[in-house]
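Numbering of the sequence shown is given in the numbering used here, commencing with residue -7 and proceeding in unit increments. Backbone N, C-alpha and C fix where the C-beta goes; we use that ideal spot for every residue, glycine too. Below: the structure, in structure tokens.
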Amino acid sequence: MFLATGSTAHKQALIDGDLVPRLIDVAASGETDEVVKDMAAISVGNVAMGGSQQQVEHAVECGGIQFFCDLLDGDDSTRLSGMISVLDKISSAGRQKQANEGLPDNPYSTLIEQAGGLDKIVEQQAHNDMGAAALAVALLLNHFPDRVDVQRQAALIQAGAIQIDDEQGGEDGDSESDGVGDLDTDSGSDGRSDGEVEVEGEGEEA
């Protein structure tokens, strides 16, 4: 199985070979072996997580949002954490697309909500794995702040699973910011914006 790890050029080779929609079909098929399904999901997820703006948009155009939202079912905390992180990256790409094209709303956040992903992420705030719960809270803070469970957020902050930087940027400001910064993890973020939400650890039980 071709995994979309490595450079942006490596991911582009996957796209140029028209493999992203095929991998989504493989991973979504009920007849696919679970190991193969997971590898296909990892490949598509890596395109979204580590790809350029254009590569993330391609993954969305191939049906990636519905695919990732469907993978939010179940209790596997590793898979859940991965899918929540991917959807956060996609939502951030949607924010950039909104700014670039002068759209009234974030188109990818809208698609996540329509695909049932938002309700599932809201539910994951209560997950007994602190890492998965923290990622869910952080995504909601970044993109759907009105859906945050503030009591769960406070508990995760107290436990050290989430840190919030309250700085709101310098003199120039950020025309794309909605007042809540983007999620940052230790898994390859290129940097953090002001006012961000930071997830501190994974795998601990609440």
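Is Gln90 helix, strand or coil when you go by DSSP? helix
Alpha-carbon spacing of Leu110 relative to His2, whole angstroms: 31 Å
What first and last residue would you give for the beta strand (DSSP E) that runs through Gln155? 154 to 156
Please classify Asn92 as buried or exposed, where buried requires at least 16 neighbouring CB atoms within 10 angstroms. exposed
Is it buried or exposed for Gly9, if we count other Cβ within 10 angstroms and need 16 for buried? exposed
In chain order, what residues of the same chain lie with their CB nearer than 6 Å to the CB of His119, ignoring the 5 residues before and after it? Ala125
Short of 7 Å in beta carbon distance, which residues of its chain neighbour Gly86, apart from the five on each side in sequence? Order them along the chain. Asn98, Pro99, Tyr100, Ser101
If you reduce the DSSP assignment to three classes, tell me which class Asp8 lands in. helix
For the alpha helix (DSSP H) that contains Thr102, what are its first and last residues? 99 to 106
The alpha helix (DSSP H) spanning Phe59 covers which residue range? 56 to 62
If I measure Cβ to Cβ from Leu209 and keep anything under 6 Å in the same chain, skipping five residues before and after, which residues do I get? For residue 209 there is no data in the structure shown, the boundaries of the chain being -7 and 198.
With 16 as the cutoff for other CB atoms within 10 Å, does Gln143 come out buried or exposed? exposed
By how many angstroms is the C-alpha of Gln150 removed from the C-alpha of Ile7? 42 Å
Distance between Ser44 and His135 (C-alpha atoms, nearest Å): 20 Å
Expected contact under 8 Å - CB spacing of Phe60 and Met75 to nearest Å: 5 Å
From Leu132 to Thr0, what does the alpha carbon distance come to, in whole angstroms? 27 Å
Using beta carbons (cut-off 8 Å, strictly below), is Glu53 in contact with chain B? Structure shown: chain B not included; a single protein chain is present.
Taking the alpha helix (DSSP H) that Ala146 belongs to, which residues open and close that run? 142 to 150
Helix, strand or coil: how does DSSP classify Leu95 here? coil
Could you give the distance in angstroms between the alpha-carbon of Asp62 and the alpha-carbon of Gln4? 25 Å
Ile57 versus Arg71 - alpha carbon distance: 15 Å
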